[in-house]
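The structure appears right after this line, and notes come after that.
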Amino acid sequence: MHQNINWIYYRYLYGKYIQKTQGTPNVGIRERSFGYNYPTRFWKDDIGGYDFFVKFVDARIIFCTMNIHSMMRFIILLFTIVLTACNSATQTDKLLARIWAADQGVRERMAALTKAVAVEGNTELIDSLIITSDEVQRIDTENMHTIDSILRQGLPQGLSHESYKTIWIVIDHGPIDKQVKYLPLIKQMADDGLVGYDEYATLFDRVAMKQNRPQRYGSQSVQFGRADAVELYIWPIENPAELDARRAEVGMMPFAEYLRQLTEVTGIEPKYDPTLSVEQINSLRQEATSD
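295 is the number that my numbering gives to position 265 of the sequence shown; each next residue is one higher, with no gaps.
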């Protein structure tokens, strides 16, 4: 399992702890292992100062070194570090909760308007549908900027399950360049149990579709309107005969059940032809656009 390892360097001099730097200094450092299989890095200067390093692995303190006279001061410092980290995670959780609410709220309105216009024929709501579509794009752009900022220093540790799922869904709704950039991160998050493998599979399929390749797990569909109706097509799938086996591996429901639920949610019965190629479905979409 991948571990997010970070050294935080503190200096103890004349009774005060001062955080000096983060990272892994490579000058004047010796490494020793104290039975934890993780090196402790430290250095003692010539004027009575004492520098020590605390090693964090996935936000858990593994080991540190100090002289015995520093113990009480270090315990106070450690409590401050942990409290700061907890407050930071709490604030990030609150921010991501607001992002989730914005993402899902506008999409619920969009789904209701789409169903009313496309399925029920309520043309009076077309203007509202267009406005809401623009709002989806605006919110997605703003949310993606925020996630970029959060991930700039790496994936935050100690967040709630809902927060990690929010990071995934914003990337899933983001532009293709961000999806490609963060796909390996989502895979690692799935390996670490922070998101589900089904969520990774959904993003994998979305990237494949946007790159004009067959999808692997059958999670993506395309919708386009003709003169008399709206049609929903399942994007072409690689090796369809083994689709349900692949879906089971990542915790997805059987494909037939997925199609049933998709019909229930959208009000449109999806069309799936396992022989349909990417080129053919793109031709169908172009024909619908030109009608």
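Even for Gly, the Cβ is constructed at its ideal location relative to N, Cα and C.
Here the structure is a predicted model, which is why all the values come from computation and not from measurement.
| query | Given Leu125, which residues of its chain have a CB within under 6 Å of its CB, disregarding the five upstream and five downstream residues? | reply | The answer is none, since no qualifying residue turns up.
| field | Val295, DSSP secondary structure in three states | value | Note: Val295 maps to helix in three-state DSSP.
| Relative to the alpha-carbon of Ser163, which residue among Lys145, Asn152, Met140 has its alpha-carbon at the smallest distance? | Among Lys145, Asn152, Met140, the Cα nearest to that of Ser163 belongs to Met140.
| field | For Ser307, the three-state DSSP class (helix, strand or coil) | value | For Ser307, the secondary structure class from DSSP, reduced to helix, strand or coil, is coil.
| query | Going by DSSP, what residues sit across from Leu262 in a beta bridge? | reply | For Leu262, the pairing in a beta bridge is given by DSSP as Gln253.
| query | Starting from Gln209 and walking both ways along the alpha helix (DSSP H), at which residues does that stretch end? | reply | Unbroken alpha helix (DSSP H) run through Gln209: 206-221.
| field | Cβ-based burial, Asp75 [other Cβ within 10 Å; buried from 16] | value | Per-residue confidence for Asp75 stands at a pLDDT of 35, beneath the threshold of 50, marking its modelled position as unreliable; no derived number is given.
| query | Taking DSSP as the reference, what is the three-state secondary structure of Gln183? | reply | In the three-state reduction of the DSSP assignment, Gln183 falls in the coil class.
| query | From which residue to which residue does the alpha helix (DSSP H) around Lys240 run? | reply | From DSSP, the alpha helix (DSSP H) with Lys240 extends over 227-240.
| What whole-angstrom Cβ distance do Ser193 and Asp123 have, given they're in contact under 8 Å? | Between Asp123 and Ser193 the Cβ distance is about 5 Å, and since that is below 8 Å, they are a contact.
| Residue from Gln310, Tyr230, Val308, Ile298 whose Cα sits closest to the Cα of Glu150 | Taking only the C-alpha atoms, the option nearest Glu150 is Ile298.
| field | Of the listed residues Arg246, Leu155, Thr120, Ser118, nearest to Glu279 (C-alpha basis) | value | Looking at Arg246, Leu155, Thr120, Ser118, the one whose alpha-carbon comes closest to that of Glu279 is Arg246.
| field | DSSP-derived helix/strand/coil call for Asn97 | value | Unreliable placement is indicated for Asn97, whose pLDDT of 45 sits below 50; the coordinate value is still reported in the next sentence. Coil at Asn97, not helix or strand.
| request: Provide the residue span of the alpha helix (DSSP H) that contains Thr196, from first to last. | output: Segment 191-202, the alpha helix (DSSP H) holding Thr196.
| Given Glu309 as reference, the closest of Asn242, Thr176, Glu165 once Cα atoms are compared | Nearest C-alpha to Glu309: Asn242.
| message | I believe Ile311 touches Val252 by the beta-carbon criterion, under 8 Å. Please report the beta-carbon distance rounded to the nearest angstrom. | response | Yes, they are in contact, since the Cβ atoms of Ile311 and Val252 sit about 7 Å apart, within 8 Å.
| field | Pairwise C-alpha distance: Tyr212 and Ala220 | value | Those two C-alpha atoms are separated by around 12 Å.
| request: Determine, using beta carbons only, whether Ile206 and Lys240 come nearer to each other than 8 Å. | output: The answer is yes: Cβ separation under 8 Å.
| field | Within 8 Å, strictly: CB atoms of Ile216 and Val210 | value | It is not a contact, given that the beta carbons lie outside the stated cut-off.
| query | Quick one: what's got a C-beta closer than 7 Å to Ile177's C-beta in the same chain, skipping five residues either side? | reply | Excluding positions up to five away in sequence, the list reads Ile197, Val200, Ile201.
| field | Burial state of Gly281, where buried means 16 or more other Cβ atoms lie within 10 Å | value | Flag for Gly281 reads exposed.
| said: Per the DSSP calculation, Lys301 is bridged to which residue(s)? | reply: Beta-bridge pairing links Lys301 to Tyr263.
| For Leu306, which residues from the same chain have a beta carbon less than 6 Å from its beta carbon, with the 5 sequence-adjacent residues on both sides left out? | If we look at Leu306 and ignore the five residues flanking it on each side, its Cβ neighbours are Pro266.
| query | Tell me which same chain residues have a C-beta within less than 8 Å of the C-beta of Leu262, skipping the five on either side of it? | reply | Answer for Leu262: Ser251, Val252, Gln253, Leu292, Thr296, Ile298, Glu299, Pro300, Lys301, listed in chain order.
| request: Tell me Gln121's beta-bridge partners as DSSP assigns them. | output: DSSP output for Gln121 lists no bridge partner at all.
| Thinking just about the alpha-carbon of each residue, which of Ile169, Ala146, Trp130 is nearest to the one in Ser158? | Nearest of Ile169, Ala146, Trp130 to Ser158, Cα basis: Ala146.
| query | With 16 other CB atoms within 10 Å as the buried threshold, where does Ser313 fall? | reply | Around the CB of Ser313, fewer than 16 other CB atoms lie within 10 Å, so the residue is classed as exposed.
| Contacting residues, own chain, Cβ-Cβ under 7 Å from Thr144 (five flanking each side not counted) | Sequence-distant Cβ neighbours of Thr144 in its own chain, meaning closer than 7 Å and more than five residues away, are Leu159.
| task | Express the C-alpha separation of Ala131 and Ala119 in angstroms, rounding to a whole number. | result | The alpha-carbon of Ala119 is positioned some 18 Å away from that of Ala131.
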